[in-house]
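Here is the structure we will look at.
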Amino acid sequence: MAVYLFYFLVFPGLIFMAAAGGLLSWFDRKITARVQFRKGPPLLQPFYDFFKLLLVKETILPAQGSGFVFLLAPLLAVFGAAMAGLFILLPLFNIETGFRGDVIVIFYLLTLPSFSYIIGSLASGNPLAAVGASREMKLIISYELTFLLVVAAVIMKSGQKFDLDSIIAAQQAGSPFIGSISGVLLFIAGVFCIQAKLGLVPFDMPEAEAELASGIYIEYSGPPYAMIRLAKYIMLFILPAFIVALLMNGMTNGTGILWLILKIVAIVLLVTLIRNTNPRLKIRQASSFFLLWMNLLVVIAIVLAAFGL
Amino acid sequence: MGFKEFCFRKSLWVFHFGGASCNNCDIEIIDCLTPRHDLERFGILLVGSIRHADVLLVNGSINRRDKDRLLDLYNQAPKPLLVVAIGACGCTGGIFAEGNTFAGPVDKIIPVDAYIPGCPPKPEAIISGIVKLAGKKG
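As they're listed, the protein sequences go chains L and Y.
Going by the numbering used here, the first sequence opens with residue 1, and the numbers climb by one from there.
Going by the numbering used here, the second sequence opens with residue 1001, and the numbers climb by one from there.
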């Protein structure tokens, strides 16, 4: 029992994921700054932001709306992200094997942060937050099917294995799934899905600083906003880790840990570059992008995978 | 300087309130965030919502309509909040000080922590003011 608590809270759980996610968030901001020929923030900037929000700032509850749900939603977001991260990282680091069907559980837990942002922003009673929440809902409807199809295709490629450990083992016994044509197509679709899940440009319309003034996060201040930042840091770490586990061979023995870090950083770099070279889409464009084009791509990948390509 | 103060001064998020400005101060504030001056190296970000703000930048002459908005914003912001008055209009009223619609310089409406005079102040002056402000709280 105590060892599971250690897994959840320390390694590879909450504290480790928060630290790794904070460093990746710094990497993201630094690359953004370098793309714009700026100098960028110092290394520990995400942690300064987090502790400032957590320790210094005051919490303001909205006058109209439900304060309890408003405060509970960020905790739910952190819980969902940490729990999903735990199920991803335990097999990835070869600590525990997980259980049968944990890919499905991970898939559901990964949607929990987005759902809790919706619940929290609707509980605040702010009209701009409501607009942001409705956009987030439409975005979820758009990308979840694609993400589910990506997971399904990976399950098919691994020979009907429903747990992450067997999927990684199947890749290490054969070749990484990204080495095939269908794997490349799945990787493209998967990267766009995590872009939308992270709420980064071009899919940041729920947040939309210019028009909605931070949209779904508009009413959050102080410690609850710190929790939202924490959930975002964790998601920035575990979603690339999930892609690495599904498509890119996981972690091999020996120097595998270095390769694992390199792969995760490479995916974050890709996401950051997409974010910096694209404008924000309209919600309708994002919907048709996922529902039509990305789904088409994944279906082609599934057909190719059925022929063993 | 404790840990809390250290984190606070390393991560000042800025909300920009432009009163009845002639727009020159606004442009100089935006200049601070451009590649040449890059305020993000001090951890300073421009945020969209007052609930996330640590610093309220006020520029332009505050007329009678702006006064209520400014008070609203100040009351909605989570404390601790630093207020910076930028430009001649924000600090004293400048050439509008005797105007009919003028509702007083910023410090008559809300408490101000730093004044950055100039018409408009250079980006270097704004950066210097904000860095000094971050040092003062420490």
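Glycine is no exception: its CB is placed at the ideal position from the N, C-alpha and C atoms.
None of the values given here were measured: they were computed from a predicted structure.
- request: Could you tell me which chain L residues have their CB closer than 7 Å to the CB of Y:Glu1040, listed as they occur along the chain?
  value: Annotation: Cβ neighbours of Y:Glu1040 in chain L (cutoff 7 Å, chain order): Ala33, Arg38, Gly40 and Pro41.
task: Examine chain Y for any beta-carbon lying closer than 8 Å to the beta-carbon of L:Phe51, and answer yes or no.
output: True, the Cβ-Cβ gap to chain Y drops below 8 Å.
task: Under the assumption that L:Gly250 contacts L:Ile178 (Cβ atoms under 8 Å), give the Cβ distance between them as a whole number of angstroms.
output: Rounded, the Cβ-Cβ distance is 12 Å, inconsistent with contact.
- prompt: Distance, Cα to Cα, L:Pro46 vs Y:Gly1099?
  reply: The alpha-carbon atoms of L:Pro46 and Y:Gly1099 are separated by roughly 45 Å.
- request: Can you give me the Cβ contacts of L:Ser116 inside the same chain, cut-off strictly under 6 Å, excluding the 5 residues immediately before and after it?
  value: Cβ within range, chain order: Ala73, Leu76 and Ala77.
Span of the beta strand (DSSP E) around Y:Phe1017: Y:Phe1017: member of the beta strand (DSSP E) spanning Trp1013 to Gly1018, first to last residue.
message: Does L:Phe79 come out as helix, strand or coil in the three-state DSSP assignment?
response: Here DSSP, grouped into helix, strand and coil, assigns L:Phe79 to helix.
task: For the beta strand (DSSP E) holding Y:Val1083, just list the boundary residues, first then last.
output: It spans Leu1082 to Ile1086 - the beta strand (DSSP E) in which Y:Val1083 sits, taken as one unbroken run.
task: State the DSSP-derived secondary structure class of L:Phe50, mapped to helix, strand or coil.
output: In the structure shown, the three-state DSSP call for L:Phe50 is helix.
message: I want to know whether the stretch 133-140 of chain L touches the stretch 197-212 of chain L - three or more CB-CB distances under 8 Å.
response: Yes, the stretch 133-140 of chain L is in contact with the stretch 197-212 of chain L.
Pairwise C-alpha distance: L:Gly190 and L:Pro41: L:Pro41 and L:Gly190: Cα-Cα distance of roughly 29 Å.
- request: Classify L:Trp26 as buried or exposed, calling it buried when 16 or more other Cβ atoms lie within 10 Å of its own Cβ.
  value: When all chains shown are included, L:Trp26 counts as buried.
task: Measure from the C-beta of Y:Cys1091 to each C-beta in chain L and report whether the shortest distance is under 8 Å.
output: False, the Cβ-Cβ gap to chain L never drops below 8 Å.
- request: Assuming L:Pro12 and L:Leu90 form a contact by the criterion Cβ under 8 Å, report the distance between their Cβ atoms to the nearest whole angstrom.
  value: The Cβ separation is near 7 Å, so the contact holds.
- prompt: Can the beta-carbon of L:Asp49 be found less than 8 Å from the beta-carbon of L:Arg229?
  reply: For L:Asp49 and L:Arg229, yes; Cβs fall inside 8 Å.
- request: Compute the distance between the beta-carbons of Y:Val1014 and Y:Leu1057, then report whether it is under 8 Å.
  value: In this structure, Y:Val1014 places its C-beta atom within 8 Å of the C-beta atom of Y:Leu1057.
- request: Scan the stretch 1016-1089 of chain Y and note each continuous alpha helix (DSSP H) run of 4 residues or more that stays entirely inside, going in chain order.
  value: Fully enclosed alpha helix (DSSP H) runs of 4 or longer: 1024-1032 and 1064-1076.
task: Please determine, among Y:Glu1005, Y:Ser1011, Y:Gly1018 and Y:Lys1132, the residue with the shortest C-alpha to C-alpha distance to Y:Ala1053.
output: Ranked by Cα distance from Y:Ala1053, the options Y:Glu1005, Y:Ser1011, Y:Gly1018 and Y:Lys1132 are led by Y:Ser1011.
query: How many angstroms separate the CA atom of L:Val390 from the CA atom of Y:Arg1064?
result: No answer is possible for residue 390 of chain L: the residues shown for chain L start at 1 and end at 309.
message: For L:Gly120, which residues in the same chain have their Cβ closer than 6 Å to its Cβ, ignoring the five residues on either side in sequence?
response: Around L:Gly120: Phe70 and Ala73.
- prompt: Can you tell which of Y:Asp1038, Y:Leu1046 and Y:Ala1077 has its C-alpha closest to the C-alpha of L:Leu61?
  reply: Of all alpha-carbon atoms in Y:Asp1038, Y:Leu1046 and Y:Ala1077, the one lying nearest the alpha-carbon of L:Leu61 is that of Y:Ala1077.
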